[in-house]
Each structure stands twice: as structure tokens, then as C-alpha cells.
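Student:
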Amino acid sequence: MSMVKATKRLRLVLVALICAFALVLAGCAAKEEQSQPAQDSPQATEDATGVVAPSTTGKLQVIGAQLSSQAGDPVQLRGVSTHGLSWFPQYVNQEFFTELREDWGVNVVRLAMYTAEYGGYCTGGDKAALEQLVIDGVNYAQNADLYAVVDWHILSDADPNIHITEAKQFFEKISAEFADKDNVIYEICNEPNGATTWGQITAYAETIIPIIRANDPDAVIIVGTPTWSQRIDEAALDPLPFENIMYTLHFYAAEHKQDLRERLEATVKAGVPVFVTEFGITEASGDGKIDYDSAAAWIKLMDELDVSYICWNLSNKDEASAMFLDTCDKTSGFTSDDLSDEGKWLVDTLDSPGI
Ligand code: IDC
């Protein structure tokens, strides 16, 4: 080999080495950048499954309109609601709640305890059994790293004052039970309706909230609004005089559309904290057709506003809002073949990691 050729080859080898070294350095820098958490983003509190959870966000608080972690970072909860606990108690089990967290990627479960319908707490239902289901549900949720919403599910009893005596007893007992837990959120009246005014709801809330706060001084408490929890605007005009309060908005996407979305947007942008503790993508009956376009518009808006939301319902009832097919009698270990159209839509929407 000539001297010139050898020098050229040496130069080429050197250049290649320098390039390789530069590439390695650039790679390291990029990796370092990726591993830096985005300081001011809510993503900073996400864990390995990609959603925020009690173990990383701790006891929740409300800052302005925003549900927030113990440290003050914005938190969005996304999850599922049971059907009535008297109707479908079987889905309250540890295996399934763990699966909800790990495979479905949710971070909140709502425990819907009807007060007046079928086996209702205030209309002859088994109070002790229902309380135990709520306690079990909160414990399973805690073990699975989920927040739990304890839902006093008024419906045909349109005014929460109708059963205020039972509500006082229930919330006193249950908040004493949960006083040391960081994963509990109280929803004190699902859907006031009929002629019930915000003033009547306020009177009820001003009785119940201090009872909960006596045991659990900072708990987040969610308050239903008139007209099946659609009139968050009325709550906004006359907010409750307590910290860590949120107001309920519910929608069923095939019936409730742009005007209600505009109400949500205006209310949240005005600084009022709203939590969508129940929604479906069907008609308001919980059955009928699904409206995927309206559902997509709702999800987009709630995600943009960082509003938390919980989908109705965990059951295999023969209705379109049930997550499971009526032919499926499993209580855990679900696969996508077990899901209804709404169930499939939900796991797609949540980008669920394991189902
Ligand atoms: C529905 C259930 C249905 C049950 C009925 C009882 O899906 O199986 O028979 O309650 O009245 C709500 C309520 C919620 C309703 C749901 C669908 O909070 O209890 O569940 N819905 O109708 N508000 C708007 C819709």
C-alpha cells in the first residue's frame, strides 16, 4: 500500500471514529433530556402505567378550577362507575380492581350506591351489606392504587333532602371509617332533578359537608347540580362556602351535545371546578344508540380542560351503557371479547395498556 493511500485510510478511520464518538455523545444527551421530567406538566406525576395514581399524587385538593395533587400539580382522573351496588355487587372485587388499574389504565372507580331504586339504602335495602361493599370497594381501590368516589346515588328521590337523615348517618359513619385514607372522594348527591333548586341542594350540602369534614377535614367533596347534574352554571352563580369542593356535570353523548359542552367550557374557564362523575355515550336512558362523534367531541373538550371523567357502567345488563356483554358472567379476567360496544370504545379511548 502506498504512503498516500495509508495516510488517506488513517484519516478516514479517524473521521469515522470522531463521528461515532459524536453520535454516542448526542445519544447520551438526548437520553438525558428524555429522562428529565417536564417540571410544569401534569405528566410529571404519571407512574409506569401512564396515569396518575394515589401513590404518586397523594391526597387530592382543588386549586381554582383544577383538581390537583397533594404537591399542587394538575390531576385528571379517568375511570369507570359501578352500576348500582345492590344490583351488581359482584364487580367489587380485588382482582378486577387491580385489572382496572393495570390493564384498563384507569385511576378512579366510582361506587354507586342507589338510595331509592332497587335495594336502595333508604328504601329497604340491606344497609350493613351496602356499607360493607363501599368499605371493601375503597380498600380494593386503595390496594390497586385507584381513587374511589363514594356516590350517594339519588335519582327517583329527586331532592337530596328527602333522605337527609340517612345521608347524615351514612356520611358520618363512612367518613370516620375513611378518615386516614388519601384515595377517597365523596359525591354527596348524584343527580338532583325535578323541581329541586340549587338553593335546596345548598341547604343539604351545608349539612353534609361539615359532617364529612369533622372526620376528614380536607377531603374533596363533589356536589350534584339541578336537572340531573347539568346546571353547573347555577352552582357557579352561588358557590358553596367551603374549600376542596367540585360540582357535578353529567352527560349522555347521544342526547347531550354542543350546548352542554359550551356550558362546561364556560364554567371551567370562569374558574369553577367541575367533575364529570358520570357519563355515557348512549342515550340518557343508559340504552339506545351510541353517538361516537358526540362522544369524541366530549372527550376532546374534557381532555383539553383537564376535567376528570367517569364512564357508566360496570355491569352485564342488557343495555347499551353496560361495559360487558350480557352473555359474559365473568367478574374479572376480562378480554376485549367480553366488552360491549361502549366497553370497547372506552378501552380504545383510554388507550388501555392491557385489554
Ligand atoms: C340507570 C341504569 C339502569 C337502571 C336505572 C334505574 O343504567 O340499568 O335501571 O338507572 O333508574 C343517570 C343515572 C343512572 C342511570 C343512567 C342511565 O345517574 O342511575 O342508570 N343515567 O339512565 N343519569 C342519567 C343517565
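Remember, this note's numbering sits 13 above the position in the sequence shown when you count from 1. In this text, a Cβ means the ideal position worked out from N, Cα and C, and glycines have one as well.
Shorter than 7 Å, the distance from the beta carbon of G132 to the closest heavy atom of the ligand IDC, or not?
Tutor: Outside the cutoff, so no.
Student: In terms of alpha-carbon separation, which member of W100, E355, V285 lies closest to E296?
Tutor: Answer by Cα proximity: E355.
Student: Thinking C-alpha only, which one of G284, N257, V289, A283 is nearest Q243?
Tutor: That would be V289, whose Cα lies nearest to the Cα of Q243.
Student: Where do the N-terminal and C-terminal ends of the alpha helix (DSSP H) with A266 fall, by residue?
Tutor: That residue, A266, is in no alpha helix (DSSP H); it is neither H nor E in DSSP.
Student: Per DSSP, D164 is paired with what?
Tutor: A125, E200, per the DSSP bridge assignment.
Student: Return helix, strand or coil for D316, following the three-state DSSP convention.
Tutor: Helix, per DSSP.
Student: Please list the segments of the alpha helix (DSSP H) lying wholly inside the segment 231 to 308, counting only runs of 4 or more residues, in order along the chain.
Tutor: Taking only runs of at least 4 residues, the alpha helix (DSSP H) segments lying wholly in the segment 231 to 308 are 239 to 242, 245 to 250, 271 to 282.
Student: Give the C-beta separation of T136 and A129 to the nearest angstrom, bearing in mind that I take them to be a contact with Cβ-Cβ under 8 Å.
Tutor: Right, the Cβ-Cβ distance comes to about 5 Å (below 8 Å), so this counts as a contact.
Student: Assuming contact is defined by CB atoms lying nearer than 8 Å, are I368 and F347 in contact in what I supplied?
Tutor: For I368 and F347, yes; Cβs fall inside 8 Å.
Student: Mind checking whether the beta-carbon of A266 lies closer than 7 Å to any heavy atom of the ligand IDC?
Tutor: A266 Cβ: outside cutoff for every heavy atom of the ligand IDC.
Student: Quick check: does the Cβ of E355 come within less than 7 Å of any heavy atom belonging to the ligand IDC?
Tutor: Incorrect: E355 has no Cβ contact closer than 7 Å to the ligand IDC.
Student: Going by DSSP, which residues form a beta bridge with G92?
Tutor: G92 is bridged to V121, I323.
Student: Please classify S321 as buried or exposed, where buried requires at least 16 neighbouring CB atoms within 10 angstroms.
Tutor: It counts as buried.
Student: Return the CA-CA distance between I4 and E332, expressed in angstroms with no decimal places.
Tutor: In the structure as shown, the chain begins at 14 and stops at 368. Residue 4 is therefore absent and cannot be evaluated.
Student: I'd like to know if the segment 83 to 92 and the segment 114 to 121 are in contact, where contact means that at least 3 CB-CB pairs between them fall below 8 Å.
Tutor: Contact between the segment 83 to 92 and the segment 114 to 121 is present, because at least three Cβ pairs lie under 8 Å.
Student: Taking DSSP as the reference, what is the three-state secondary structure of F347?
Tutor: DSSP places F347 in coil when its eight states are reduced to three.
Student: Rounded to whole angstroms, what is the Cα-Cα separation between F255 and H269?
Tutor: Using only the alpha carbons, I get a separation of about 30 Å.
Student: Identify the continuous beta strand (DSSP E) that holds I76 and give its terminal residues.
Tutor: Taken as a continuous stretch (DSSP letters only), the beta strand (DSSP E) holding I76 covers 74 to 76.
Student: How about G237: is its Cβ closer than 7 Å to a heavy atom in the ligand IDC?
Tutor: Not under cutoff, so the answer is no.
Student: For A192 versus D229, is the C-beta distance shorter than 8 Å?
Tutor: A contact, by the Cβ cut-off of 8 Å.
Student: Kindly indicate which residue of Y160, D351, H96, A310 has the alpha-carbon position closest to the one of L73.
Tutor: Nearest C-alpha to L73: Y160.
Student: What would DSSP say about P102, mapped onto helix, strand or coil?
Tutor: Three-state result, P102: helix.
Student: When DSSP labels each residue in this structure, what does S68 get in the three-state scheme?
Tutor: Three-state result, S68: helix.
Student: Could you tell me the distance, in whole angstroms, from the CA atom of P205 to the CA atom of S353?
Tutor: Cα-Cα distance, rounded: 29 Å.
Student: Sorted by chain position, which residues of the same chain lie with C-beta nearer than 6 Å to T111's C-beta, five sequence neighbours on each side aside?
Tutor: These residues qualify, in order along the chain: A157.
Student: Nearest-angstrom Cα distance between D53 and I148?
Tutor: Model confidence at D53 stands at a pLDDT of 41, short of 50, so the residue's coordinates are unreliable and nothing is read from them.
Student: Less than 8 Å separating the beta-carbons of A310 and W358?
Tutor: Not in contact: A310 and W358 (Cβ atoms no closer than 8 Å).
Student: What does DSSP give as the partner residues of G212 in its beta bridges?
Tutor: Beta-bridge pairing links G212 to no other residue.
Student: Skipping 5 residues on each side, what residues in its chain have a beta carbon closer than 8 Å to that of Q107?
Tutor: Same-chain partners within the cutoff: Y153, N156, A157.
Student: Quick check: what's the CA-CA separation for H263 versus I312?
Tutor: Computed Cα separation, rounded: 13 Å.
Student: If distances are taken between C-alpha atoms only, which option among V285, D272, A266 comes closest to D300?
Tutor: D300 has its Cα closest to that of A266, out of V285, D272, A266.
Student: Return yes when the C-beta of G299 is under 7 Å from any heavy atom of the ligand IDC, and no when it is not.
Tutor: Yes, since a heavy atom of the ligand IDC falls inside the 7 Å radius drawn around the Cβ of G299.
Student: Could you tell me if T238 is buried or exposed, where buried requires 16 or more neighbouring beta carbons within 10 angstroms of its beta carbon?
Tutor: The residue in question, T238, is buried, as its Cβ has 16 or more Cβ neighbours within 10 Å.
Student: Using 8 Å as the threshold, is the C-beta distance between A335 and S345 below it?
Tutor: Not closer than 8 Å, so no.
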